[in-house]
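Residue numbers (numbering that gives the first Met the number 0), protein chains in the order written: chain A, 0 to 133; chain B, 0 to 133; chain C, 0 to 133. Cβ coordinates follow ideal geometry from the N, Cα and C atoms, glycine included. Keep in mind the model is a prediction, meaning the values are calculated, not measured. Below is one structure; the comments refer to it alone.
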Amino acid sequence: MIGTLQIDVSKQGLHDITAEVTGWIGKMNAEEGLCTLFIQHTSASLLVQENYDPSAKRDLESWLNRLVPEDDSLYTHTLEGPDDMPAHIKSALTATSLSIPVIKGRLALGVWQGIFLWEHRHSVTRRKILLHFS
Amino acid sequence: MIGTLQIDVSKQGLHDITAEVTGWIGKMNAEEGLCTLFIQHTSASLLVQENYDPSAKRDLESWLNRLVPEDDSLYTHTLEGPDDMPAHIKSALTATSLSIPVIKGRLALGVWQGIFLWEHRHSVTRRKILLHFS
Amino acid sequence: MIGTLQIDVSKQGLHDITAEVTGWIGKMNAEEGLCTLFIQHTSASLLVQENYDPSAKRDLESWLNRLVPEDDSLYTHTLEGPDDMPAHIKSALTATSLSIPVIKGRLALGVWQGIFLWEHRHSVTRRKILLHFS
Chain A
0 MIGTLQIDVS KQGLHDITAE VTGWIGKMNA EEGLCTLFIQ HTSASLLVQE
50 NYDPSAKRDL ESWLNRLVPE DDSLYTHTLE GPDDMPAHIK SALTATSLSI
100 PVIKGRLALG VWQGIFLWEH RHSVTRRKIL LHFS
Chain B
0 MIGTLQIDVS KQGLHDITAE VTGWIGKMNA EEGLCTLFIQ HTSASLLVQE
50 NYDPSAKRDL ESWLNRLVPE DDSLYTHTLE GPDDMPAHIK SALTATSLSI
100 PVIKGRLALG VWQGIFLWEH RHSVTRRKIL LHFS
Chain C
0 MIGTLQIDVS KQGLHDITAE VTGWIGKMNA EEGLCTLFIQ HTSASLLVQE
50 NYDPSAKRDL ESWLNRLVPE DDSLYTHTLE GPDDMPAHIK SALTATSLSI
100 PVIKGRLALG VWQGIFLWEH RHSVTRRKIL LHFS
């Protein structure tokens, strides 16, 4: 079974999509299986991370922004804006696809784990994530 | 089929779990398929890497420790100890899930490849990895 | 169904393998499913990235070469050449496996997405990628 999540993002950073994914899995009415997420973009990515303390999320964003700054004389790919090339690099360093087991009809995430769409650009846009369950 | 590996770790670094995963796959008695690993933590991760020369493993650990040091004034998430925020960052830069084909009943790893649990904290703890085979 | 791609690489950098993967999927004659790629090496990796503007590809390569230089006194694993340890680190930071949904018989890549083998060594060699479809 394949579905699509359309996520409207309004700013750079981590967007919690755990509820959207667990909601979709709930509709499968399946006992056991594997849920795979695939993001159809190269300037946004996927992450499983702590969803409890907002400071962890914030530090993660700040750290990656410092590692991959917008203002870098190395970039030659600058036509699409100063946040485009850093966005491609950040995507390359994180995940485009993720697979999570489903047990007793539920995503088998750890106690503190959430699923995030990591938007690496500043623009207001709609991102598409494909969901596969088998 | 879904199983669980419980791995006791006593220190930070790469722990070879190849034998545990191949052992579980052996019990499947299946000719062909796909084995997916998912780690239920956000301060430890998964890695496929060279399992031959210990110096490669050591350099990998040192390099990531230098890239993501414990002593960094950027961190505001410090309540859980100086190794917690670096652990989340290191997890984000490596893998939470991994999928490896099974051929003729065996994990189709390359000649030099091993599977590792990468513990990013210093604590003595038990980590849970889910295994899915289909 | 499992297949093997053998890719001859002649230099370091991103090699577009989208045509090879879509060709293999085409032969499946399947409506819907999941395609998983697994690279059997620890000094080359997989990446989904923009395949439109060559400058994005070039900047990505330059950026990672700067983050993980060959000349670094941290390395003790140097017997296999100055490009070997950086190659292991670069592989650890990118993907060893990737899963992409198949819809209406085709890989469901985003408009600008291509699949790349990222060769991290300088040598002329043949790399093996396993393809799994279910």
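So with Cβ pairs under 9 Å, would you call residue i a contact of chain A?
| i | result |
| --- | --- |
| L45(B) | no |
| G12(C) | no |
| K127(B) | yes |
| E118(C) | no |
| D7(B) | no |
| A86(C) | no |
| I1(B) | yes |
| S61(B) | no |
| H76(B) | yes |
| L92(C) | yes |
| V67(B) | yes |
| D70(B) | no |
| D82(B) | no |
| E49(C) | yes |
Determine whether the Cβ of residue i lies closer than 9 Å to any Cβ atom of chain C.
| i | result |
| --- | --- |
| E31(B) | yes |
| L4(B) | no |
| M27(A) | no |
| I38(B) | no |
| T95(A) | yes |
| D52(B) | yes |
| D58(A) | no |
| T202(A) | In the structure as shown, chain A starts at 0 and stops at 133, and residue 202(A) therefore has no counterpart that could be examined. |
| T41(A) | yes |
I want to see whether chain B comes within less than 9 Å of residue i, judged by CB atoms only; does it?
| i | result |
| --- | --- |
| W23(A) | no |
| A107(A) | yes |
| I16(C) | no |
| S133(A) | yes |
| V20(C) | no |
| S122(A) | no |
Leaving out five residues before and five after residue i in sequence, what residues of the same chain have Cβ atoms less than 6 Å from its Cβ?
| i | result |
| --- | --- |
| H121(C) | Q11 and D82 |
| W23(C) | G2 and L130 |
| M0(A) | F132 |
| V67(C) | P85, I88 and K89 |
| S98(C) | L33 and T35 |
| L45(C) | L36, I38, A94 and L97 |
| N64(C) | none |
| W111(A) | E49 and Y51 |
On the criterion of 16 or more Cβ atoms from any shown chain inside 10 Å, does residue i qualify as buried, or is it exposed?
| i | result |
| --- | --- |
| K89(B) | buried |
| K26(C) | exposed |
| K103(C) | exposed |
| A91(B) | buried |
| Y51(B) | exposed |
| L73(A) | exposed |
| H94(A) | According to the sequence provided, residue 94(A) is Ala. The question's His does not apply to it. Label assigned to A94(A): buried. |
| E49(C) | buried |
| V20(A) | buried |
| L78(C) | exposed |
Can you pull the DSSP bridge partners for residue i?
| i | result |
| --- | --- |
| S44(B) | W117(B) |
| V8(A) | T124(A) |
| I1(C) | H131(C) |
| G25(A) | According to DSSP, G25(A) bridges with nothing at all. |
| I38(C) | I128(C) |
Beta-carbon within less than 7 Å of residue i's beta-carbon, same chain only, minus the 5 sequence neighbours each way: which residues are those?
| i | result |
| --- | --- |
| F100(C) | For the sequence presented, residue 100(C) should be read as Pro rather than Phe. Hits under 7 Å: L33 and A107. |
| Q5(C) | R125 and K127 |
| I69(C) | Looking at the sequence provided, one finds Glu at residue 69(C) rather than Ile. Closer than 7 Å at the Cβ level, and outside the excluded window around E69(C), lie P81, D82 and P85. |
| E30(B) | K103 and G104 |
| D58(C) | none |
Check whether the Cβ of residue i lies closer than 8 Å to any heavy atom of the ligand SAH, and answer yes or no.
| i | result |
| --- | --- |
| G25(B) | Looking for the ligand SAH in the displayed structure turns up nothing, as the structure carries no ligands at all. |
Ignore the nearest five residues each way along the sequence and tell me which others in residue i's own chain have a CB closer than 8 Å to its CB.
| i | result |
| --- | --- |
| H40(B) | S90, R126 and K127 |
| V8(B) | H14, A43, L116, E118, V123, T124, R125 and R126 |
| E60(C) | Q11, G12 and L13 |
| A55(B) | Q48 and E49 |
| H76(A) | D83, M84 and H87 |
| I16(C) | L4, I6, I114, F115, L116 and I128 |
| G109(A) | none |
| message | Ignoring anything shorter than 4 residues, give me the alpha helix (DSSP H) runs that lie fully in the stretch 47–132 of chain B, in order along the chain. | response | Runs of the alpha helix (DSSP H) lying entirely within the stretch 47–132 of chain B and spanning at least 4 residues, in chain order: 53–66 and 83–92.
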